[in-house]
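Numbering (my numbering), first residue to last: 654 to 840.
Read through the structure below, which is laid out as structure tokens, and then see the notes.
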């Protein structure tokens, strides 16, 4: 049975040039993992609510009131919760067709650039999402059916984007070190 190269790398003991997470990286990884777990639980709750609403709508003409509002608001925040953990684990989408045979230093350099862009994009989105949430709060906008304040759902996305920014910048530094000295990057 053939295993995925990432599985082989995870099972292999770290070599002399393995760049592991330092104390900040481990704390960032733990916080990102906890936030991703909360996001996962939120999605499980949304699935349960959706099932109850669909069954209630079909069998008793009694859906969960505002089910679509709840779905949109909670799914937005839950989705933002995964980005940092995925990036720290190397789980984001990469097209390595052109770099499959490149030297490791080149690959790490490109990964550093990609991580820098993830960090900058995360910071930009965190900032703009926070500004948008503040504007929605000031305007007093609420959802149509439940009357929930819309700004709360938008503000709940900010921690995920802040962690995404920190993860991108941290991984940029780790890949730059690996580009200079060789080796691999692992959590």
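Backbone N, C-alpha and C fix where the C-beta goes; we use that ideal spot for every residue, glycine too.
Thinking residue i and residue j are a contact (beta carbons under 8 Å), I'd like their distance in whole angstroms, please.
i, j, result
"residue 722", "residue 798", "6 Å"
"residue 846", "residue 715", "With the chain represented from 654 up to 840, any question about residue 846 goes unanswered, as that position is not in the structure."
"residue 695", "residue 731", "4 Å"
"residue 803", "residue 791", "12 Å between Cβ atoms; not a contact."
"residue 727", "residue 699", "6 Å"
When the Cα of residue i is compared with those of the options, which residue comes out closest?
i, options, result
"residue 810", "788, 735, 711, 704", "735"
"residue 767", "822, 675, 709", "822"
"residue 682", "707, 737, 800", "737"
"residue 729", "806, 835, 828, 840", "806"
"residue 839", "773, 739, 803", "739"
"residue 680", "741, 703, 791, 702", "741"
"residue 800", "719, 831, 672", "719"
"residue 842", "772, 813, 834, 725", "In this structure the chain extends from 654 to 840, so residue 842 is not present and cannot be described."
Below 8 Å between beta carbons: does that hold for residue i and residue j?
i, j, result
"residue 685", "residue 788", "no"
"residue 672", "residue 832", "no"
Count the other CB atoms, across all protein chains shown, that sit within 10 Å of the CB of residue i; report buried if there are 16 or more and exposed otherwise.
i, result
"residue 759", "exposed"
"residue 754", "exposed"
"residue 784", "exposed"
"residue 708", "exposed"
"residue 744", "exposed"
"residue 764", "buried"
"residue 733", "buried"
"residue 656", "Reliability fails at residue 656, whose pLDDT of 42 lies under 50, so the model's placement of it is uncertain and no value is given."
"residue 815", "buried"
"residue 654", "Reliability fails at residue 654, whose pLDDT of 42 lies under 50, so the model's placement of it is uncertain and no value is given."
By how many angstroms is the C-alpha of residue j removed from the C-alpha of residue i?
i, j, result
"residue 697", "residue 705", "12 Å"
"residue 703", "residue 692", "16 Å"
"residue 786", "residue 780", "10 Å"
"residue 824", "residue 674", "9 Å"
"residue 826", "residue 770", "12 Å"
"residue 808", "residue 782", "7 Å"
"residue 756", "residue 725", "44 Å"
"residue 752", "residue 712", "55 Å"
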